[in-house]
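Undergrad:
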Amino acid sequence: MTPDQTITGPTAAASPPRPTTLRDRIVDMLIAVTKVATVVFGIDALINHRSRRLRGKAVRTRAVGYMGGLLIVPLVWRLLPDRGRYPRELDLAVTVPLFLDAGGNAFGVYEQAHIDDVVHAANSAIVAGIAGTLFAPRVDERWQAALAGAGVSVALGSAWEAWEYVAWRLGADGMNLTYEDTMDDIIEGFVGAAIGGAYTLTRTPRAWSERRRKGWRSALGA
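Numbering (our numbering), first residue to last: 21 to 242.
1) For a quick check, are the C-beta atoms of Gly177 and Gly209 less than 8 Å apart?
2) Using three-state DSSP, classify Gly76 as helix, strand or coil.
3) If you draw a straight line from the C-alpha of Asp204 to the C-alpha of Pro39, how long is it?
4) Once DSSP output is grouped into helix, strand and coil, what is the label at Arg108?
5) Is it true that the CB of Val174 sits closer than 8 Å to the CB of Ala151?
6) Tell me whether Thr22 is buried or exposed, calling it buried when 16 or more other Cβ atoms sit within 10 Å of its Cβ.
7) Between Ser238 and Arg223, what straight-line distance do the alpha-carbon atoms span, to the nearest angstrom?
8) Does the distance from the CB of Asp111 to the CB of Ile207 come in under 8 Å?
9) With 16 as the cutoff for other CB atoms within 10 Å, does Ser144 come out buried or exposed?
10) Would Arg232 pass as a contact of Pro157 if the rule is Cβ separation under 8 Å?
11) Apart from the five residues just before and just after Ser187, which ones in its own chain have a Cβ nearer than 6 Å to its Cβ?
12) Assign His140 to one of three DSSP states: helix, strand, or coil.
13) Any idea what DSSP makes of Arg82, helix, strand or coil?
14) Can you give me the start and stop residues for the alpha helix (DSSP H) that Gly128 sits inside?
15) Below 8 Å between beta carbons: does that hold for Glu109 and Val56?
16) Just to confirm, are Phe61 and Ala126 a CB contact at a threshold of 8 Å?
17) Please report the distance separating the alpha-carbon of Tyr106 from that of Gly241.
18) Measuring only the C-alpha atoms, how far is Trp236 from Asp44?
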């Protein structure tokens, strides 16, 4: 351990409360609008899953995933000890891909408008950014955290593509897998992982002692 790695404070300390700003209110409004819209799209998918626009897209499974995904950040935050301020930006970042996925399928433009490409890259970036931020207080250099986070994202993305292939081989309907589609997804996963890695590099402190003192919360807005 180098001299600047002396631990001088608690790890992962919660950020002190601060007054709600106009920016916070705008983000809160965006979160509310996108979550309500996603729930509406999910209910539509459950009710109209046999319709031509939704048939063969596993929309009922997607709808359950939408509902569960919307609860991830609020539930994790509620379970944290010594909760700090609510991570609004993180909640919005997790919600927007769900909203795009649900809305794109509801209006039948998920693939035609390349929304699927945006969602793949965004999800990969979110995973890489969160994982890298969690690694940051535990490694010597922040580039190591960025690389580790990107690696986790790429590994999970590859596992997802493998799961899709297995499901397709087992006869799942509506997969429509092609070589081009799979390669597009993999490339988008790498792009998203790079974006998430850049987030880790720019949002975590350079000094190990500072990263150790602040923990992962500040970089994720918690």
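Using N, Cα and C, we set each Cβ at its ideal position, and we do this for glycine too. Treat the numbers as computed from the prediction; the structure is a model and nothing was measured.
TA: With the given structure in hand:
1) By one-based count along the sequence shown, residue 177 stands at place 157. By one-based count along the sequence shown, residue 209 stands at place 189. Yes, they are a contact pair.
2) Sequence index remark: in the sequence shown, residue 76 carries index 56 (1-based). Of the three classes helix, strand and coil, the one that applies to Gly76 here is coil, per DSSP.
3) Taking the sequence shown and counting its residues from 1, the one referred to as residue 204 is at position 184. Taking the sequence shown and counting its residues from 1, the one referred to as residue 39 is at position 19. Taken atom to atom, the span from the alpha-carbon of Asp204 to that of Pro39 is near 44 Å.
4) Locating residue 108 in the sequence shown gives position 88, counting from the first residue. Residue state, collapsed to three classes: helix.
5) Here residue 151 refers to the residue found at position 131 of the sequence shown. Here residue 174 refers to the residue found at position 154 of the sequence shown. In this structure, Val174 does not lie closer than 8 Å to Ala151 by Cβ.
6) What you label residue 22 is simply residue 2 of the sequence shown in a count that begins at 1. Any reading at Thr22 must be qualified, since the residue scores a pLDDT of 42, below 50, and its modelled position is unreliable; the value itself is stated next. Exposed.
7) On the sequence shown, position 218 is the one that residue 238 refers to. On the sequence shown, position 203 is the one that residue 223 refers to. Going from the Cα of Ser238 to the Cα of Arg223 covers about 9 Å.
8) As a first step, residue 111 must be located in the sequence shown, where it is residue number 91. As a first step, residue 207 must be located in the sequence shown, where it is residue number 187. Not closer than 8 Å, so no.
9) Residue mapping note: residue 144 aligns to position 124 of the sequence shown, counting from 1. Result: buried.
10) By 1-based counting over the sequence shown, the position of residue 232 is 212. By 1-based counting over the sequence shown, the position of residue 157 is 137. Cβ atoms of Arg232 and Pro157: closer than 8 Å.
11) On the sequence shown, position 167 is the one that residue 187 refers to. It should be pointed out that residue 187 corresponds to Ala in this sequence rather than to Ser. Cβ neighbours of Ala187 beyond the five flanking positions: none.
12) The residue you call residue 140 lines up with position 120 of the sequence shown. His140 falls in the helix class under three-state DSSP.
13) Here the question's residue 82 lines up with position 62 in the sequence shown. Looking at Arg82 - three-state DSSP - the assignment turns out to be helix.
14) In the sequence shown, residue 128 corresponds to position 108, counting from 1. Taken as a continuous stretch (DSSP letters only), Gly128 belongs to no alpha helix (DSSP H), as it is neither H nor E.
15) By 1-based counting over the sequence shown, the position of residue 109 is 89. By 1-based counting over the sequence shown, the position of residue 56 is 36. Against a cut-off of 8 Å, the Cβ pair of Val56 and Glu109 comes out as no contact.
16) Translated into positions along the sequence shown, residue 61 becomes position 41. Translated into positions along the sequence shown, residue 126 becomes position 106. Cβ atoms of Phe61 and Ala126: closer than 8 Å.
17) As a first step, residue 106 must be located in the sequence shown, where it is residue number 86. As a first step, residue 241 must be located in the sequence shown, where it is residue number 221. Rounded to the nearest angstrom, the two C-alpha atoms are 7 Å apart.
18) Working through the sequence shown from its first residue, we reach residue 236 at position 216. Working through the sequence shown from its first residue, we reach residue 44 at position 24. Going by the C-alpha atoms only, they are around 20 Å apart.
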